[in-house]
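*Asks:* Before I ask anything, let me first share the structure, which is written out below as structure tokens.
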Amino acid sequence: MPELPEVEITRQGFADALQGARLLDLRLGKPLRWPLGVSAKALQGARLGLACRRGKYIWLPLDRPEPLGGLLLHLGMSGSLAFTPEPQVLGPHQHLAIDTSQGCLTLTDPRRFGAAVWSPALDASPARELLARLGAEPFDPALDARTLHAGLKGRRVPIKQALLAGDVVVGAGNIYACEALWQAGIHPATPAARVGPARAERLLGAVRAVLSDALAAGGSTLRDFSSSLGAIGRYQSLVAVYGREGEPCPRCRTAVKRIVQGQRSTFFCPTCQRR
DNA sequence: CAGTGGCCCTGAGCGC
DNA sequence: TGCGCTCAGGGCCACT
């Protein structure tokens, strides 16, 4: 479900409201990808800081008032966070509830690929290892086409899979990687190394444009994404190729093709996108 | 050591 | 209606 825009919109939906709240309790449902790594009791009474985002992870800092680490959250494929004024009874797919003096944050995740892991700090284990392979933030001003090009150099993987891997630039998942490549006119099967400086420049611009358009539209709602306040995304109606196999390319009217790369569907225009 | 495929898990949708 | 199959917005990890 959630790529960078959805995660960021989720974060924005509760970050301010929860900042400074007192953690009253932490309730767990079924196991997520990894164990929490701390007892609820150890966190009771902690003060919540301002939630921030790194890639598709959300970091929720805790203090008591001395630093108490924080919770690293990931929504996996099917996760969503809901912020409500009152504590919620955990439903069958709700596997984490953070009850605070200022509201309740509930993680719903049917497939349970998501995670909530306590770490003593962002740069300490286990958060450090989980974030270690992440590439640059797409909107980091320090990221430029030269850096992107350098990150792609020498790699034989198709550019689509290099984007998805997120070790050069984070944030573009399956939808936005397809959309960015369409916008940049790059065939998804192009070996990453064959994306030269000029195309790297176009690709970076396209990744940024697609992600910022999606942010402005409140993300994409394919099945059930909504923000932590329950708002529905509108980007799916702006999508050019993703999920549109057989439909005309918005630019040239050629039928959109679907291929499989690394067990994930890729959608692209065989006319507009060149190897 | 880069690249590949398996796998974690549940639900929806579709053809029969 | 029910069964079995495929597919789904992610990413770690073992293996080649």
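Using numbering that gives the first Met the number 0, you'd call the opening residue of the first sequence number 0 and step up by one each time. Beta carbons are placed, not taken as given, at the ideal position from N, Cα and C, and that holds for glycine. A quick note: this is a predicted structure, and the numbers were derived from the prediction, not measured.
For Gly245, is the classification buried or exposed, using 16 other Cβ atoms within 10 angstroms of its Cβ as the cut-off for buried?
*Replies:* For the purposes of this step, residue 245 is identified with residue 246 of the first sequence, where counting begins at 1. Classification of Gly245: exposed, given that the 10 Å Cβ count is below 16.
*Asks:* Which stretch, first to last residue, makes up the alpha helix (DSSP H) that contains Asp212?
*Replies:* The count along the first sequence starts at 1 and reaches residue 212 at position 213. Run containing Asp212: Pro196 to Ala215, per the alpha helix (DSSP H) assignment.
*Asks:* Give the single residue among Pro109, Lys159 and Tyr234 whose Cα lies nearest to the Cα of Ile258.
*Replies:* In the first sequence, residue 258 corresponds to position 259, counting from 1. Of Pro109, Lys159 and Tyr234, the residue nearest in Cα terms is Lys159.
*Asks:* In chain order, what residues of the same chain lie with their CB nearer than 8 Å to the CB of Leu163, ignoring the 5 residues before and after it?
*Replies:* Translated into positions along the first sequence, residue 163 becomes position 164. Taken in chain order, the residues that qualify are Ala171, Gly172, Asn173, Ala176, Gly261 and Arg263.
*Asks:* Mind checking Leu49: buried by the 16 CB within 10 Å criterion, or exposed?
*Replies:* Taking the first residue of the first sequence as position 1, residue 49 is located at position 50. Label assigned to Leu49: exposed.
*Asks:* Can you give me the start and stop residues for the alpha helix (DSSP H) that Tyr175 sits inside?
*Replies:* Taking the first sequence and counting its residues from 1, one reaches residue 175 at position 176. Looking at the DSSP string, the run of the alpha helix (DSSP H) that includes Tyr175 is Asn173 to Ala183.
*Asks:* Express the C-alpha separation of Asp166 and Gly153 in angstroms, rounding to a whole number.
*Replies:* As a working mapping, residue 153 is identified with position 154 in the first sequence. As a working mapping, residue 166 is identified with position 167 in the first sequence. Straight-line Cα distance between these residues: approximately 14 Å.
*Asks:* The beta strand (DSSP E) that contains Lys159, what's its start and end?
*Replies:* Reading the first sequence from its first residue, position 160 is the one you call residue 159. No beta strand (DSSP E) contains Lys159, which is instead part of the alpha helix (DSSP H) from Ile158 to Ala164.
*Asks:* Output needed for Pro109: all residues of its chain with C-beta closer than 8 Å, excluding positions within five of it in sequence on either side, in chain order.
*Replies:* Walking along the first sequence from the start, residue 109 turns up at place 110. Answer for Pro109: Ser77 and His92, listed in chain order.
*Asks:* What are the partner residues of Lys256, as DSSP defines its beta bridges?
*Replies:* Residue mapping note: residue 256 aligns to position 257 of the first sequence, counting from 1. DSSP, once it has assigned bridges, lists Phe267 as partnering Lys256.
*Asks:* Three or more C-beta pairs under 8 Å: does that hold for the segment 181-189 against the segment 13-27?
*Replies:* No: the two stretches stay apart, fewer than three of their Cβ pairs being nearer than 8 Å.
*Asks:* Between the C-alpha atoms of Leu106 and Asp98, what's the straight-line distance to the nearest angstrom?
*Replies:* On the first sequence, residue 106 is found 107 positions in, with the first residue counted as 1. On the first sequence, residue 98 is found 99 positions in, with the first residue counted as 1. If you take the alpha carbons of Leu106 and Asp98, they lie about 12 Å apart.
*Asks:* What are the start and end residues of the beta strand (DSSP E) that includes Pro91?
*Replies:* Taking the first residue of the first sequence as 1, we reach residue 91 at position 92. Counting along the chain, Pro91 falls outside any beta strand (DSSP E), and DSSP gives it neither H nor E.
*Asks:* Can we say the segment 190-204 touches the segment 215-222, given the rule of at least three CB pairs closer than 8 Å?
*Replies:* Taking 8 Å as the limit for Cβ pairs, the verdict is that the segment 215-222 does not touch the segment 190-204.
*Asks:* Determine the closest residue to Gly28 out of Arg111, Gln43 and Phe82, with distance taken between C-alpha atoms.
*Replies:* For the purposes of this step, residue 28 is taken as residue 29 along the first sequence, with counting starting at 1. If we check each option's Cα against that of Gly28, Arg111 comes out closest.
*Asks:* Can you tell me whether Ala149 is buried or exposed? The criterion is at least 16 other CB atoms within 10 Å of its CB, across all chains shown.
*Replies:* Sequence index remark: in the first sequence, residue 149 carries index 150 (1-based). Classification of Ala149: exposed, given that the 10 Å Cβ count is below 16.
*Asks:* So, are the CB atoms of Gly54 and Val194 less than 9 Å apart?
*Replies:* The residue you call residue 54 lines up with position 55 of the first sequence. The residue you call residue 194 lines up with position 195 of the first sequence. Not in contact: Gly54 and Val194 (Cβ atoms no closer than 9 Å).
*Asks:* Using 10 angstroms around the beta-carbon of Thr253, count the other beta-carbons present and answer buried if the total reaches 16, otherwise exposed.
*Replies:* Locating residue 253 in the first sequence gives position 254, counting from the first residue. Exposed is the call here.
*Asks:* Which class does Asp15 belong to by DSSP, given the choice of helix, strand or coil?
*Replies:* In the first sequence, counting from the first residue as 1, residue 15 sits at position 16. The answer is helix: DSSP assigns Asp15 an H, G or I state.
*Asks:* Considering only the alpha carbon of each residue, which of Gln87, Ser236 and Arg132 lies closest to Glu178?
*Replies:* Working through the first sequence from its first residue, we reach residue 178 at position 179. For the residues Gln87, Ser236 and Arg132, the minimum Cα distance to Glu178 belongs to Ser236.
*Asks:* Would Ala144 and Pro196 be called neighbours here (beta carbons separated by less than 9 Å)?
*Replies:* Locating residue 144 in the first sequence gives position 145, where the first residue counts as 1. Locating residue 196 in the first sequence gives position 197, where the first residue counts as 1. Yes, they are a contact pair.
*Asks:* Determine the extent of the alpha helix (DSSP H) in which Gly150 is found, giving its start and end residues.
*Replies:* As a working mapping, residue 150 is identified with position 151 in the first sequence. Segment Ala144 to Leu151, the alpha helix (DSSP H) holding Gly150.
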